[in-house]
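Taking UniProt numbering, the leading residue of the sequence shown gets 1, the next gets one more, and so forth. Just so you know, even glycine gets a beta-carbon here, dropped at the ideal spot from N, CA and C. Reading through the structure tokens given below for one structure.
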Amino acid sequence: MTKKSITLDVDPSILEKNMRIIKENPVEEELNKLLSAVDTVPSKLVKPKPGFCVKTFTKPDNKKIFVNICLTDAIPCPKDITNDELMVILSSEDPSSYRVPMSIGEGRTELDKSGAPATVYDVAINPQFFSKIEKDDLFQTFFLTVVFEGLQDKYQFEIDSQKFSVLKNRKSIGTLQSHRIQIRDIKACGEENKPLIEEIASKPPPKIVEIPTQPKKEIIYRLRREPPTGEIEYLLAEFIIPALVELKDLHLEIGEDRLVLDSKGQFELVDFFLPCSVDQDVIDAQLNRNDNILSVKMPAIH
Numbered sequence: 001m002t003k004k005s006i007t008l009d010v011d012p013s014i015l016e017k018n019m020r021i022i023k024e025n026p027v028e029e030e031l032n033k034l035l036s037a038v039d040t041v042p043s044k045l046v047k048p049k050p051g052f053c054v055k056t057f058t059k060p061d062n063k064k065i066f067v068n069i070c071l072t073d074a075i076p077c078p079k080d081i082t083n084d085e086l087m088v089i090l091s092s093e094d095p096s097s098y099r100v101p102m103s104i105g106e107g108r109t110e111l112d113k114s115g116a117p118a119t120v121y122d123v124a125i126n127p128q129f130f131s132k133i134e135k136d137d138l139f140q141t142f143f144l145t146v147v148f149e150g151l152q153d154k155y156q157f158e159i160d161s162q163k164f165s166v167l168k169n170r171k172s173i174g175t176l177q178s179h180r181i182q183i184r185d186i187k188a189c190g191e192e193n194k195p196l197i198e199e200i201a202s203k204p205p206p207k208i209v210e211i212p213t214q215p216k217k218e219i220i221y222r223l224r225r226e227p228p229t230g231e232i233e234y235l236l237a238e239f240i241i242p243a244l245v246e247l248k249d250l251h252l253e254i255g256e257d258r259l260v261l262d263s264k265g266q267f268e269l270v271d272f273f274l275p276c277s278v279d280q281d282v283i284d285a286q287l288n289r290n291d292n293i294l295s296v297k298m299p300a301i302h
């Protein structure tokens, strides 16, 4: 199944303005000194603090990757909006009007808990925005969708967005990278600020990434398994349903290994295969209008 991706806008005209990301080694430190010599804006190295870690997998090779969501006050906070305002923006003619400043680091190899090598990426955001996504499932789902699309665009690989989980006992994998950030005025959440992070990586050559929101007319969703490891007891699919879509407009079909959700053409058809067979007779689907999330619980057949 082909799933439409979030489009990331690239603007080469704003190269080297806001943020540089480096690995700490002598060669890159020397390069960083040369870059600093031509800067008109002072910069500093910051060490982000751990937030939480997400485990997911690439497609189609099913390689494990970890994404450390980390925090630093040096990154601006996006405008503080409500859940309803986010849904309105996602359904608007210009969904990219709401953007999340973030710093996407380079991949590196670390060992997981079993001692196997896995690729790890650090993504740094503002601590106030982290507090929001930590408590709000809607914003967390939206944010992780944008993060996955940002990694895919920057490093040209595909992430299986249906197979991810937030680690419960570890806030990060490996040692978090340092970030060299130009010193600018960082305003509080809710204040106007430039909603853009530029970044320069050591390898490959510098690339500027602007992180937009989910494209128009696509329902954001995720599929997770419980428990995260071992034999699957049930699958839980969660869909963000905009307030403009009424319950009577939703049509959900679940086969033994497939799920289809239609909204009478208001949004793109959601159609994907399930990683295991489910019991169609005991499906539990509930639409919570407090957070506009449709939850579908599907017990596994063993």
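In the three-state scheme derived from DSSP, where H, G and I count as helix and E and B as strand, residue 46 is classed as strand. The alpha-carbon of residue 220 is positioned some 8 Å away from that of residue 145. CA-to-CA, the gap between residue 276 and residue 55 works out to about 19 Å. The Cβ neighbour count for residue 132, taken over all protein chains shown within 10 Å, is at least 16; the residue is labelled buried. In this structure the region 154–166 does not touch the region 85–97; the number of beta carbon pairs closer than 8 Å is below three. Fewer than three beta-carbon pairs drawn from the region 109–120 and the region 246–266 are found closer than 8 Å, and the two stretches are therefore not classed as touching. Counting the other CB atoms within 10 Å of its CB gives residue 274 a total of 16 or more, which places it among the buried residues. Separation of residue 47 and residue 278 (C-alpha to C-alpha, rounded to the nearest whole angstrom) is 45 Å. Residue 50 and residue 128 have their C-alpha atoms spaced approximately 14 Å apart. The region 249–264 makes contact with the region 282–301: 3 or more CB pairs, one atom from each, lie closer than 8 Å. Taking C-beta atoms as the reference points, residue 235 and residue 285 fail to come closer than 8 Å. Across the structure, residue 75 and residue 125 are spaced so that their CA atoms are roughly 6 Å apart. Distance from the CA atom of residue 62 to the CA atom of residue 120, rounded to whole angstroms, is 15 Å. In the DSSP annotation of this structure, the continuous segment of the alpha helix (DSSP H) that includes residue 127 starts and ends at 127–135.
Non-local C-beta neighbours of residue 71 in its own chain, meaning closer than 6 Å and more than five positions away in sequence, comprise 48, 49, 51, 127 and 130, ordered along the chain. Between residue 241 and residue 269, the gap from beta carbon to beta carbon reaches 8 Å or more.
Contact between residue 261 and residue 250 is confirmed by a C-beta separation of about 7 Å, below the 8 Å threshold. Excluding residues up to 5 positions away in sequence, 222, 293 and 295 lie with their Cβ nearer than 6 Å to the Cβ of residue 238 in the same chain. When secondary structure is reduced to three states using DSSP, residue 155 falls in the helix class.
In this model, residue 147 and residue 302 are separated by some 34 Å (Cα to Cα). Secondary structure note for residue 85: its alpha helix (DSSP H) is the uninterrupted segment 83–90. In this structure residue 282 is exposed. Its beta-carbon is surrounded by fewer than 16 other beta-carbon atoms within 10 angstroms.
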